[in-house]
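Quick note: to get the working numbering, add 135 to the position in the sequence shown (first position is 1). The beta-carbon is built from N, C-alpha and C at its ideal position, and this holds for glycine as well. The block underneath contains the structure these notes are about, expressed in structure tokens.
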Amino acid sequence: MPTAPHPQSTDELYQALRENDRRPYGRIRTVTAEELVDAAERFEEPVVLVHALLELQEAYTYGSEPRKSPVVFARLLTLFDEQPDVFDERLRHMLFWRFKWVANALRQLPEVPLTAMRQWLSEMRDRYEKAGLGLQPYYGQAYQLAAHTGEDTTLAYELWAARSRTRLSDCEACEICERARHHLAAGDDERALRVWEPVLAGKESCQEEPARSVSYALLPLLRTGRTDRARELHLAGYRACRRNPSMSGEVGRHLEFCALTGNEARGLELLAENRTLFDEVDSPLDQLDFLTGAEVLLRRVESLGHGGLPAAGRAGRAWTVSDLCADVRHRADDLAARFDARNGTSHHTDRRRARLDRAPLLDALELTLRTRGLDDVAPAAAPVTPPAATSAAAAPETLPELILRARALDAQGHPDAQACWERLRTLATARDYVHPDDPAVGPLVRLRADLLADEAGRTRDEEYAVAAALHEEAAGLYEDAGEPGDAAVAHACAALAQAELATEGAEDPVKAAAFTTAHATLVRLHQETSGLAPHQEARLLRMRATSLGLRLQTSRDEEHIAPLFAELDLLHTFAVRHDILTQISGALLLRASTHAMTGNLPAAVTEVDALLDRLRTRGPAWHLPRTLGLRGRLQLGLRDARAAHADLSEALRLAADAVDTVRLHGDLAEACMHLGRPDEALRHLTRSAELDLRRGNRTDAYCTYSNAAQLSLDLDRVEDCIALLDSLLAEPDVAAGELDDRLVAQLRLTRARALHAGEDLKAATAEFVALAAESAGWDDDPGSHAMIAGETAVLLGESGDFGRAREAADQALAAHAKAPRYEQISNCLRELARLQSQQPEGLPGALAFLADAGKVADAARAVGFEAHGRSLDSALAYEYGRVNAYAGAYDDALAALDKALALLGEPGPEEDGAGEWAECVRLAGVVEGIYLERPAPALTRLDAALTRLTALGRTEEAEPLTTLASRLRDEA
């Protein structure tokens, strides 16, 4: 089926060729190129056919279809021989350039005999000599064939490298890569890296570089101790080659790099992202490179005992790591053997064996912000519960001892109880389980109730309905077992969970009423249940206080404070009387939290300090992390970030695995930001998110990761940001559309901004255009669509597509009319004006954008809107000045700049606008003194501004004005 209408004229054909040239390499571009060749043949104009064939050969070459490239080139060569006049200088250059493409394609096909490849090189040499062209490109191809076979490489290298470059030589970047790889093969890492430096530093580049060089340089960088550089280049280099069939070998080397640096989990993630390469790569040589890199990774994972993990392989079946490793090994061994048989050497088998035999170069190199191990990617049937801390006491050896110990620990609120219940759950659900006949243990129904109560306690915060149902079921079983005290506690837990459920999405008065009702239910249960053990009665008192605490948290009503303190006094008195350490601590902790809720932070700190003293002397020790965490949050509220950081760090150190550390990491991130330590904050944010993810709190985890991505972008860690977001967006629930679409859109928006910051304008624009189309349907959030459409318009403007930029800007303005975003839209319109004013005949379009910005500023002024940054009016006047200056309308420019200066007014000692004012003065001085050739008034303006800035001590702002004034005096 055709991918587009057939061109009806040569003009339409050339336009179609230009459009296809803008497409990424791949199947769509290739099929379109094939159709355009068919269309060109109908016009009977040889030059049109030449252009179409050149486009088709390029699509085959960079689409990893080397078998077809030589066939197309044969047609071109025939046309050249039969009708040389059809080929102008540019087409002739392209034809002779592509002799090298054919030589490269033939090397990639083991079915092509070595004699045929040598014959092609002879043909190339003869053609070059006949055309009077230098032979350096020929010797370059001869060297690459020698390097491919592993024979006579030194001589071939010298014959090539010693010759001067010609117009048909490979680009500087590609030749640098070949020279560096030669030194690398000789074992000289340092020399290879010195040769590579211009490419790795971005000074030389092309279609394939620096991505290709980066993939080869990663291991030499590690071997020479340049780990930070290796990490940086891995992130940028992988992004440039991922999912690209023509760069599958490069992808394979990135997989190998992950395997050798303790990043096996990331390697599996990248392998999954490139799964299509198993089927899409038609080049046997590239396939061999890719498969060998994949095998290095899979063998490493298997050697670490994770051969049963799922892995992404060829489509059509499910793979484990071990299964895929065996399949990859068989296919790669066969390819290496075929190349060696063709070449008459063992070069490819030897190189492959050397890669597979490499030992890891580092135990662990932190490559991304999302550092995960193989245990983290193992599939789990349910959210992972953090393991309890190992108890100092010996583990019980008999089943009755284990049951009794679990209950005793549970009564104390000890974290070790979780591990005991988990072990009992495994034992009790086994088919051969036999319950002990022991009166102290009680009947099986009681154990089942215990396990249900424990399961209910492990539910996530938002799973109130599940928790309530489990607690009620446990209560019924406790009643059947003749345990009314435990039944009352379970009913109380269910009532509290039902109250939480009733508050979801409700108004505050409804929420407060729900907790009042819950409190009444708890009091009734407490009063009506006889024979309660002290720990059971203490738990009921604790829940009574908790219900009132939740009510106060919801209502913030002062009338609700005294009843809560009264309940806390009851709990504390009872716990002290019975020496229940856990509940004494709980009562004091709730009292401190209540002071914090009511705004009395100093009183809260006093309570917490007293509690900490008690915990350190009498325990329970496992309450220390939670109490220190509260103290840290209180210190944040008191704006003592240093003290908060110390408390939270100690809490995290003591917590180990005994308590949930998600919040501690989040609070530490906040403290670090206040202390000006953003990199440390970033580590805590990502750790908090990953812990949430392990526990099944996926929405919370992605929100935290979104904050981490934005922070990394703010820190100019662009590649870190993109790698993190790529990893998140590849998660199965995200790919399947199971996550909230707005949250996913936020992740994609941050990624698009990071791509833009990383100067990948094409990819950033494509993502922004897609997001703008999706957000257009957000009827409940037109403000976000306005912001996204505005940013999209700017990127389209940067791409030079001002027609689509105008359309996107109009969408932004329409959405802005429904939900104003004055500052963002004004900024976008002014930037679009600046961009268009620099185009030929771009002034009218630029002025139209500024006219729209003027309407936005008028509307903002009418409603009293104050911008967070520059004033919309002064910024608009300045942009009128700059736009008119770009277009050569200097009088209009100067008038606009004078208006901007009048709006700004002279800066004062306490104002932050000195920089904006000085820039206005500078541009006015340029327009007046240079373009309008009025140096005297321009110097008067500049001198007055310099006097003002000097008096304010603003030397940095004054420097450009001083430079301009000196230039005007020199030219006078």
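If you draw a straight line from the Cα of isoleucine 1065 to the Cα of alanine 1080, it is about 18 Å long.
Residue range 696-712 is occupied by the alpha helix (DSSP H) that includes histidine 707.
Going by beta carbons, leucine 789 and proline 760 fall inside the 8 Å limit. According to DSSP, residue pairing for proline 445 in a beta bridge involves Thr455. Comparing alpha-carbon positions, the option among Gly592, Glu1014, Arg965, Pro159 lying closest to alanine 1030 turns out to be Glu1014. Here DSSP, grouped into helix, strand and coil, assigns serine 823 to helix.
Counting only residues of its own chain and dropping the five nearest sequence neighbours on each side, glutamine 688 has a CB closer than 8 Å to the CB of Met732. The C-beta distance from glutamate 1051 to arginine 996 rounds to 18 Å, too long to meet the 8 Å contact threshold. Put simply, the stretch 477-486 does not touch the stretch 832-840. Fewer than three CB pairs are less than 8 Å apart.
For the pair cysteine 376 and valine 416, the Cα-to-Cα distance works out to about 13 Å.
With contact defined as three or more Cβ pairs closer than 8 Å, the stretch 494-507 and the stretch 391-408 are in contact. Distance from the CA atom of leucine 439 to the CA atom of aspartate 827, rounded to whole angstroms, is 26 Å.
Around the beta carbon of histidine 1003, fewer than 16 other beta carbons sit within 10 angstroms, so the residue counts as exposed. Listed in chain order, the alpha helix (DSSP H) elements of length 4 or more contained wholly in the stretch 619-656 are 619-638. Under the three-state reduction of DSSP output, cysteine 838 falls in the helix class. A check of alpha carbon separations from threonine 762 across Gly734, Pro1072, Arg774, Val740 identifies Val740 as the nearest. Looking at the backbone, the Cα of tyrosine 599 and that of alanine 632 are separated by about 5 Å.
When C-alpha distances from aspartate 914 are compared across Leu433, His951, Ala308, Ala467, the shortest belongs to His951.
Around the C-beta of leucine 497, fewer than 16 other C-beta atoms lie within 10 Å, and the residue is accordingly described as exposed. DSSP places serine 728 inside the alpha helix (DSSP H), whose first and last residues are 716-732. For valine 436, the secondary structure class from DSSP, reduced to helix, strand or coil, is helix. Annotation: the continuous alpha helix (DSSP H) that includes leucine 188 extends over 181-197. Within the same chain, Gly372, Ala375, Cys376, Met382, Glu385 come within 8 Å of alanine 346 by CB-CB distance, once the 5 residues on both sides are set aside. Here histidine 707 is near leucine 723, since their CB atoms are less than 8 Å apart.
Taking the Cα of leucine 1007 as reference, the smallest distance to any Cα among Leu967, Gln974, Ile960 is reached at Ile960. A contact is defined here as three or more CB-CB pairs under 8 Å, and the stretch 582-597 meets this definition with respect to the stretch 548-563. Of the candidates Arg487, Ala446, Thr796, Asp802, Arg487 places its Cα closest to the Cα of arginine 466. If you look at glutamine 553, you'll find it in the alpha helix (DSSP H) that goes 551-563. The beta carbon of tryptophan 255 lies closer than 7 Å to those of Val237, Ala238, Leu241 in the same chain, with the five residues before and after it left out. Taking the Cα positions, threonine 196 is about 29 Å away from alanine 887. Annotated as proximal: tryptophan 232 and leucine 303, with beta-carbon spacing under 8 Å. Our two residues, leucine 863 and glutamine 718, have alpha carbons roughly 41 Å apart in a direct line. The stretch 691-704 makes no contact with the stretch 559-572, as fewer than three CB pairs between them are under 8 Å. Contact between the stretch 611-622 and the stretch 642-658 is absent: fewer than 3 CB-CB pairs across the two stretches fall below 8 Å. Residue nearest to histidine 654 within the set Pro1042, Arg686, Gly666 is Arg686 (criterion: CA-CA distance). Contact between valine 183 and threonine 213 fails: their C-beta atoms lie close to 16 Å from each other, not under 8 Å.
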